[in-house]
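In the numbering used here, the protein residues as written are 3 to 78. All residues carry an ideal CB built from backbone N, CA and C; glycine is no exception. Everything numeric in this text was worked out from a predicted model, so none of it was measured. Structure record follows, encoded as structure tokens.
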């Protein structure tokens, strides 16, 4: 693919940045990496709680297909 902006530095992202801001460019990639990592952790925790809820419902004999069903056996 042909890139028309190869020799046009004024169209680049870094063109409007000062020298101090250019020193902090590494934070953009770090921020993106932390965002992806945070999303991956959120998915993991969601799956962990979903499996825990499923296991607790199975142990308590709850067969109702409710959103949250933590049935407790009432036998003394």
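Item                                                                                                                : Value
Separation of residue 40 from residue 24, as counted between CA atoms                                               : 26 Å
DSSP state of residue 19 mapped onto helix, strand, coil                                                            : coil
Other residues of its chain near residue 50: CB distance less than 7 Å, five sequence neighbours each side excluded : none
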